[in-house]
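What follows is a short report on a single structure.
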Amino acid sequence: MLCVGQALTTTLGGNVTDFTRADVEVLDRQTGFKGFYRLDVLTLRHRLFNGGWGPSLRRELFVRHDAVCVLPYDPWLDQLVLIEQVRVGAIDKSERPWMLELVAGLIDKDEAPEQVAHREAEEEAGLALLDLTPICRYFPSPGGSDEQVHLYLARVDSRGAGGIHGLEEEGEDIRVSLWSRSDAMQALADGRIDNAATIIALQWLEMNLAQVRDNLGPRP
Numbered sequence: 001m002l003c004v005g006q007a008l009t010t011t012l013g014g015n016v017t018d019f020t021r022a023d024v025e026v027l028d029r030q031t032g033f034k035g036f037y038r039l040d041v042l043t044l045r046h047r048l049f050n051g052g053w054g055p056s057l058r059r060e061l062f063v064r065h066d067a068v069c070v071l072p073y074d075p076w077l078d079q080l081v082l083i084e085q086v087r088v089g090a091i092d093k094s095e096r097p098w099m100l101e102l103v104a105g106l107i108d109k110d111e112a113p114e115q116v117a118h119r120e121a122e123e124e125a126g127l128a129l130l131d132l133t134p135i136c137r138y139f140p141s142p143g144g145s146d147e148q149v150h151l152y153l154a155r156v157d158s159r160g161a162g163g164i165h166g167l168e169e170e171g172e173d174i175r176v177s178l179w180s181r182s183d184a185m186q187a188l189a190d191g192r193i194d195n196a197a198t199i200i201a202l203q204w205l206e207m208n209l210a211q212v213r214d215n216l217g218p219r220p
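When the count follows UniProt numbering, it moves up by one through the sequence shown with no breaks and lands on 220 for the last residue.
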């Protein structure tokens, strides 16, 4: 809220701060909980846009492994492979906590993101990825989590895809389904697809479809 006499400064697009990690000072860091995931409690301060340093702030940080998410796309049939499973984060805020998602997994071993993509595609969907195209890396919730997502598009042969998959020892119950690209985009428009990785990947595919399908050639 502006005070009387306070000037409103407008920053045009393209102007970003030159602050770096050195402009944040962590004064204290304690582990509040440690299981498969970890919760740290940080006391920190940072430089201000108007100069000087701000006050000490107490923040909780959800410490997670980075994730890999893959949109399997069959360009010869113009269809997608999506998976469906229950998600604990949705049970309090959705009447349908079984979410339509991408193939995904955590980088919790000494593996490159591409290795995780291939492994999870086999475990969660019974798919062999023909290739991987990087889409982007992003922070899904940087206000309280350090997780970074590695997002990919993968070409696949979707013939025969489907069924129930997942690792029994991890309690996974994953249903695999085939979607025409147009039906998937309609599900996105209708709000049936409502998780960030899937939304970003589908929108990227629509924006880059011509390039993805260019010089397609015969199915390997």
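C-beta: ideal position from N, C-alpha, C; glycine also.
Note that the structure is a prediction, hence the values are computed from the model and not measured.
- Taking C-beta separations shorter than 8 Å and ignoring five residues to either side along the sequence, the partners of Ile200 in its chain run Ile135, Cys136, Tyr138, Leu151, following chain order.
- No Cβ-Cβ contact shorter than 9 Å links Pro75 with Ala125.
- When beta bridges are read from the DSSP output, Trp53 appears opposite Arg47.
- Judged by pairs of C-beta atoms under 8 Å, the region 153-166 touches the region 59-73, as three or more such pairs exist.
- In this structure, Leu82 sits away from Trp204, with a CB-CB distance that is not shorter than 9 Å.
- When secondary structure is reduced to three states using DSSP, Ser180 falls in the strand class.
- Burial check for Ile193: the Cβ neighbour count within 10 Å reaches 16 or more, so the residue is buried.
- Segment contact: the region 56-71 against the region 91-105, three or more CB-CB distances shorter than 8 Å; contact assigned.
- Spanning the alpha carbons of Lys109 and Ala197 requires a straight line of approximately 22 Å.
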